[in-house]
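Novice: Residue numbers (the numbering used here): 3 to 375.
Cβ atoms here follow ideal geometry from the backbone N, Cα and C, with glycine treated the same way.
#1: Spell out a yes or no on whether the stretch 301–310 and the stretch 333–350 are touching, meaning 3 or more CB-CB pairs, one atom from each, closer than 8 Å.
#2: In chain order, what residues of the same chain have a beta carbon less than 6 Å from the beta carbon of residue 54, not counting five sequence neighbours either side?
#3: Who are the near neighbours of residue 56 in its chain, counting only those whose CB is closer than 6 Å to its CB and skipping five residues on each side?
#4: How many Å lie between residue 362 and residue 116 at the Cα?
#5: From this set, 374, 373, 360, which residue's C-alpha is nearest residue 98's C-alpha?
#6: Taking all protein chains shown into account, decide if residue 233 is buried (16 or more other Cβ within 10 angstroms of its Cβ) or exposed.
#7: Spatial neighbours of residue 51 within its chain, please: CB distance less than 6 Å, with the 5 preceding and 5 following residues excluded, ordered by chain position.
#8: Quick check: what's the CA-CA separation for residue 150 versus residue 156?
#9: Output the boundary residues of the alpha helix (DSSP H) element that contains residue 109.
#10: Within the same chain, show all residues whose beta-carbon is closer than 7 Å to that of residue 37, passing over the 5 residues directly before and after it, in chain order.
#11: Would you report the Cα separation of residue 83 and residue 349, rounded to the nearest angstrom?
#12: Residue 127: buried (16+ other C-beta within 10 angstroms of its C-beta) or exposed?
#13: Does the Cβ of residue 174 have 16 or more other Cβ atoms within 10 Å, making it buried, or fewer, making it exposed?
#14: Which residue comes first and which comes last in the alpha helix (DSSP H) that contains residue 26?
#15: Kindly give me the distance between the Cβ atoms of residue 75 and residue 285, rounded to whole angstroms, as I take these residues to be in contact under 8 Å.
#16: Skipping 5 residues on each side, what residues in its chain have a beta carbon closer than 8 Å to that of residue 133?
#17: Is the beta carbon of residue 148 sitting closer than 8 Å to the one on residue 308?
#18: What does the Cβ neighbour count give for residue 280, buried or exposed, with the cut at 16 atoms within 10 Å?
#19: By the three-class DSSP mapping on this structure, what secondary structure does residue 375 have?
#20: Please classify residue 231 as buried or exposed, where buried requires at least 16 neighbouring CB atoms within 10 angstroms.
#21: Measuring only the C-alpha atoms, how far is residue 16 from residue 25?
#22: Going by C-alpha to C-alpha distance, which of 12, 28, 19, 152 sits closest to residue 287?
#23: Helix, strand or coil: how does DSSP classify residue 255 here?
#24: Would you please state the rounded distance, in angstroms, between the beta carbons of residue 323 and residue 109? I believe it to be under 8 Å.
#25: Where do the N-terminal and C-terminal ends of the alpha helix (DSSP H) with residue 272 fall, by residue?
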């Protein structure tokens, strides 16, 4: 019974992870108007799934027993009841955030569950100093680095664009303007005697037009190059996320010795894909549209920084959150353009701060109940 609960909990965690995380790699594609939501989420699903499938062939090196990272004794987390509380606690937290459209880190949700269940299991023996290094430092540092780097890179890209003679296209709209003559009154009723309609040219709004880039680079249209590069960079981010997150979730299933790792990988990959397809919309709208408006170039700059920072951090084993880097990069663009929505960013920051305690409460309650059964 408990092993079946663990399997279901891991699938729920994979589904929730897909719902909250799948779209972050392609958020700038949608936010910049490079493509629509359906195409963006499909591209994210395909590339993330490919990353998950690649993880299957690297199972021997990527999958490790899920570890408390020094927070609690490793042997404790290998008990089924403890693993169930962690998986369900993190899954519930991430799923709740997805339902209200808040982008949070699954990794930090897992750290929160370790805190909650760990406190129930070992009490004051929990390693709180390690918790600060694992959670607080990446929470503060990664979005700040992303913000600063994306702001600098965008300004640099803008100067390079201008030096190459690539210009922006401004959108104008032709609208009807009606000049109505003064009404005449007959028997206390107003009647318009004459009206003239003129054509008027106005600058289009963000909703009416999308900024395009004119000019060529090596004989190829600048806009074409930018769009292809943007698709590639977003695909790389999503691929890397699938490669890294799938083994992390499958690690919980290693407590069930009867399940084959590769089948576990496939199951988790499918659950992540379904979660992304069915429940990613609200988080996608928040990250893509609500932090700041962006054009094609701005979106590409933010996405490129996200990919470079996450990849570099992964290669060096640094605990950097893809969520925090993605949001930080987009906010960096908004800082330069002075169009960032501070209220939305504040709400996102609050959700990050609440991730750990909420996940801790969920997992502590679940673990306590399982111990009583």
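Specialist: Walking through what the data contain:
#1: Verdict: yes, contact present.
#2: In the chain shown, counting from the first residue as 1, residue 54 sits at position 52. Answer for residue 54: 244, 248, 271, listed in chain order.
#3: Counting from 1 along the chain shown, the entry for residue 56 is found at position 54. The beta carbon of residue 56 is closer than 6 Å to those of 245 in its chain, skipping five residues each way along the sequence.
#4: In the chain shown, the residue the question calls residue 362 occupies position 360. In the chain shown, the residue the question calls residue 116 occupies position 114. If I take the Cα positions, the gap works out to 7 Å.
#5: On the chain shown, residue 98 is found 96 positions in, with the first residue counted as 1. Minimum Cα-Cα distance from residue 98 among the listed residues 374, 373, 360 corresponds to 360.
#6: Within the chain shown, numbered from 1, the residue matching residue 233 stands at position 231. Buried.
#7: Stepping through the chain shown from its first residue, residue 51 is reached at position 49. Contacts found: 271, 275.
#8: Counted from its first residue, the chain shown places residue 150 at position 148. Counted from its first residue, the chain shown places residue 156 at position 154. Taking the straight line from one Cα to the other gives about 10 Å.
#9: Position 107 of the chain shown holds residue 109. Counted as a single uninterrupted DSSP element, the alpha helix (DSSP H) harbouring residue 109 occupies residues 108–124.
#10: Taking the first residue of the chain shown as 1, we reach residue 37 at position 35. For residue 37, where only same-chain residues beyond five positions count, the Cβ hits under 7 Å are 31.
#11: Locating residue 83 in the chain shown gives position 81, counting from the first residue. Locating residue 349 in the chain shown gives position 347, counting from the first residue. Their Cα atoms are separated by approximately 34 Å.
#12: The count along the chain shown starts at 1 and reaches residue 127 at position 125. Exposed, by the Cβ-count rule.
#13: Residue 174 sits at position 172 when you count from the first residue of the chain shown. Any reading at residue 174 needs caution, since the residue's pLDDT is 47, under 50, leaving its predicted position unreliable; the model's value is listed next. Residue burial is scored here from C-beta neighbours: residue 174 has fewer than 16 other C-beta atoms within 10 angstroms and is therefore classed as exposed.
#14: Here residue 26 refers to the residue found at position 24 when the chain shown is read from its first residue. Unbroken run through residue 26: none, as it is neither H nor E.
#15: Residue 75 sits at position 73 when you count from the first residue of the chain shown. Residue 285 sits at position 283 when you count from the first residue of the chain shown. Not a contact, Cβ separation roughly 35 Å.
#16: Mapped onto the chain shown, residue 133 falls at position 131. If the five residues before and after residue 133 are omitted, its C-beta is found closer than 8 Å to the C-beta atoms of 73, 113, 117, all from its own chain and listed in chain order.
#17: Translated into positions along the chain shown, residue 148 becomes position 146. Translated into positions along the chain shown, residue 308 becomes position 306. For residue 148 and residue 308, yes; Cβs fall inside 8 Å.
#18: As a first step, residue 280 is located in the chain shown; it is residue number 278 there, counting from the start. Classification for residue 280: exposed.
#19: As a first step, residue 375 is located in the chain shown; it is residue number 373 there, counting from the start. In this structure, residue 375 counts as coil in the three-state DSSP scheme.
#20: Your numbering for residue 231 matches position 229 in the chain shown. Counting every other CB atom within 10 Å of its CB across the protein chains shown gives residue 231 a total below 16, marking it as exposed.
#21: As a working mapping, residue 16 is identified with position 14 in the chain shown. As a working mapping, residue 25 is identified with position 23 in the chain shown. If you take the alpha carbons of residue 16 and residue 25, they lie about 14 Å apart.
#22: Here the question's residue 287 lines up with position 285 in the chain shown. Distance from the Cα of residue 287 is smallest, within the candidate group 12, 28, 19, 152, for 28.
#23: Numbered from 1 along the chain shown, position 253 holds the residue referred to as residue 255. Residue 255: helix per DSSP, three-state reduction.
#24: Here residue 323 refers to the residue found at position 321 of the chain shown. Here residue 109 refers to the residue found at position 107 of the chain shown. At roughly 6 Å, the Cβ-Cβ gap stays under 8 Å, so residue 323 and residue 109 are in contact.
#25: Start at 1 with the first residue of the chain shown, and residue 272 comes out as number 270. Looking at the DSSP string, the run of the alpha helix (DSSP H) that includes residue 272 is 263–281.
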